[in-house]
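Following: one structure in structure tokens, then a few remarks.
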Amino acid sequence: MTDRTAGGIARPAHHRSLWDRLRINRNWLGFWFMAPAGLILVMFLAYPLGKGVWLSFTDAKIGRDGAFIGLENYEWLGWPWWSDKDGVFWLSVFNTLVYTIVASVVKFVVGLYLALLLNQHIPFKAMVRSIVLIPFVVPTVLSAIAFWWIYDSQFSIISWSLRQMGLIDYNINFLGDPNNARASLIFANIWRGVPFIAITLLAGLQTVSPSLYEAATLDGASKWQIFRHITFPLLTPIIAVVMTFSVLFTFTDFQLVWAMTRGGPVNSTHLMATLSYQRAILAGNLGEGAAIATAMVPFLLFAIMVSWFGLQRRKWQQGGNDD
15 MTDRTAGGIA RPAHHRSLWD RLRINRNWLG FWFMAPAGLI LVMFLAYPLG
65 KGVWLSFTDA KIGRDGAFIG LENYEWLGWP WWSDKDGVFW LSVFNTLVYT
115 IVASVVKFVV GLYLALLLNQ HIPFKAMVRS IVLIPFVVPT VLSAIAFWWI
165 YDSQFSIISW SLRQMGLIDY NINFLGDPNN ARASLIFANI WRGVPFIAIT
215 LLAGLQTVSP SLYEAATLDG ASKWQIFRHI TFPLLTPIIA VVMTFSVLFT
265 FTDFQLVWAM TRGGPVNSTH LMATLSYQRA ILAGNLGEGA AIATAMVPFL
315 LFAIMVSWFG LQRRKWQQGG NDD
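Each number in my numbering comes from the position in the sequence shown (counting from 1) with 14 added on.
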């Protein structure tokens, strides 16, 4: 097999340069299409991540390059836990885990219920779907300000309503009490995150063939049996993906918490993301802030790996048998 050079001279295929072979090889077509996106990811994700990890091993501050200090930042933060010198870091880890687990579980349950409801034939279904999306499309800061007013210690509509009904004698201190503040933030995050899960699962429900439900109904299956043996198994891949994104978004939440509480009262609502911002930007300790941000990576990798291996076990997606 031969081809022709720019001068029209035939050249054997085995004499082509590496670039010529890559340029015309059909198997490399996907690579060339992915290359621009990969370059963007390297520039805006991989490089900042590597830079952050490097800063976590230095004593860098705003306006001053840092020197390499090894694991001192992690030791100061209390990593491992028995060397705790800070106190706030492990509180932020606890808050982040509680915030993520509780919010993600409730968002999944409520989102799945809404998806099943919206998949039924109900009046004004298109309008209801649009209304459900409103919390997700509203900017996060606007949502935070709205909840900040709803939770206000003096003008809270919740406290006012409960007082009018005679259920309480004084206003509830939503954002001034540590436990109330945590619960208030979790509720606000649930309100914002449910639409994303509901609409995504609704899209998955609409891909399920109606003939499966018809066959199950003819066999006398109950609604619970249909959901358990048909709906839920077929939704598993979508659930794995959507919950991975939900966990990642919730674990790294910053805007909602910072706009509502700034990590207060007395650091009781600090998440790892907000504490990292406070230490790195407001306090100027870039190395310490980078160490807190880097400490988030193992938790995020764990969430991703759980989803990945969960998807790998669903061999029926590729025409095989389920493990």
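We put the beta carbon where it would ideally sit given N, CA and C, even for glycine.
Close Cβ partners of residue i (< 7 Å) along its chain, the five nearest in sequence each way excluded
| i | result |
| --- | --- |
| Q332 | Confidence in Q332 is poor, its pLDDT being 46 and thus under 50, which makes the residue's placement unreliable; the coordinate value appears in the next sentence. Around Q332: no qualifying Cβ. |
| I200 | Y113, V116 and A117 |
| G125 | V208, I211, A212 and L215 |
| I240 | Y227 and A230 |
| G334 | Reliability fails at G334, whose pLDDT of 48 lies under 50, so the model's placement of it is uncertain and no value is given. |
| P50 | none |
| L183 | Reading off the sequence shown, one finds Asp at residue 183, where the question assumed Leu. Closer than 7 Å at Cβ, skipping near neighbours: no residue. |
| V261 | T114, S118 and A317 |
| S106 | H284, L285, M286 and L289 |
| V256 | I211, T214 and L215 |
Limits of the unbroken alpha helix (DSSP H) element including residue i
| i | result |
| --- | --- |
| M274 | Q269 to M274 |
| M179 | From DSSP, M179 is part of no alpha helix (DSSP H); its letter is neither H nor E. |
| A229 | P224 to L232 |
| K139 | K139 to V151 |
| Y127 | V102 to L132 |
| G207 | P192 to L219 |
| Q239 | K237 to I240 |
| A287 | M286 to Y291 |
| F265 | F246 to F265 |
| G52 | L43 to L55 |
| V67 | Y61 to L69 |
| A160 | T154 to I164 |
| L296 | First-last for L296: undefined, no H or E at that position. |
| L91 | E86 to L91 |
Close beta carbons around residue i, own chain, < 8 Å, minus the five adjacent residues each side
| i | result |
| --- | --- |
| F268 | L285, A287, T288 and Y291 |
| S198 | F161, Y165, F188, L189 and M274 |
| A20 | Confidence in A20 is poor, its pLDDT being 49 and thus under 50, which makes the residue's placement unreliable; the coordinate value appears in the next sentence. Contacts found: none. |
| Y88 | S70, A305 and A309 |
| G123 | The sequence given here has Val at residue 123, not Gly. Counting only Cβ-Cβ distances below 8 Å, and skipping sequence neighbours, we find nothing. |
| V155 | Q269 and A273 |
Own chain partners of residue i with C-beta closer than 6 Å, once the 5 adjacent residues on each side are dropped
| i | result |
| --- | --- |
| I186 | S173 |
| A74 | G80, L300 and G301 |
| P149 | W205, R206 and P209 |
Proximity winner among the options, relative to residue i (alpha-carbon distances)
| i | options | result |
| --- | --- | --- |
| A129 | F263, V151, T231 and I211 | I211 |
| R196 | F45, V102, F47 and F108 | F108 |
| F265 | T221, P153, I204 and L131 | I204 |
| G218 | D191, A202 and L132 | L132 |
| F313 | P192, W42, A60 and T110 | T110 |
| A254 | L232, F323 and N299 | F323 |
| F259 | V102, M319 and V222 | M319 |
| E302 | I54, G64 and E86 | E86 |
| R206 | K121, Q168 and L248 | K121 |
| N194 | K65, W272, T283 and F103 | T283 |
| I252 | L147, S321 and S170 | S321 |
| I295 | F246, V151, L59 and I76 | I76 |
| V222 | P247, L232 and A235 | P247 |
| Y127 | V102, G298, T245 and R293 | T245 |
| D191 | N281, I54, W90 and F82 | N281 |
| H135 | A297, A202, Q220 and L55 | Q220 |
Beta-bridge pairing of residue i - partner residues as DSSP gives them
| i | result |
| --- | --- |
| K75 | R78 |
Three or more C-beta pairs under 8 Å: does that hold for the region 277-289 against the region 157-174?
Because the criterion of three Cβ pairs below 8 Å is not met, the region 277-289 and the region 157-174 do not touch.
Does the region 307-319 come within contact of the region 63-75, defined as at least 3 CB pairs closer than 8 Å?
The region 307-319 makes contact with the region 63-75: 3 or more CB pairs, one atom from each, lie closer than 8 Å.
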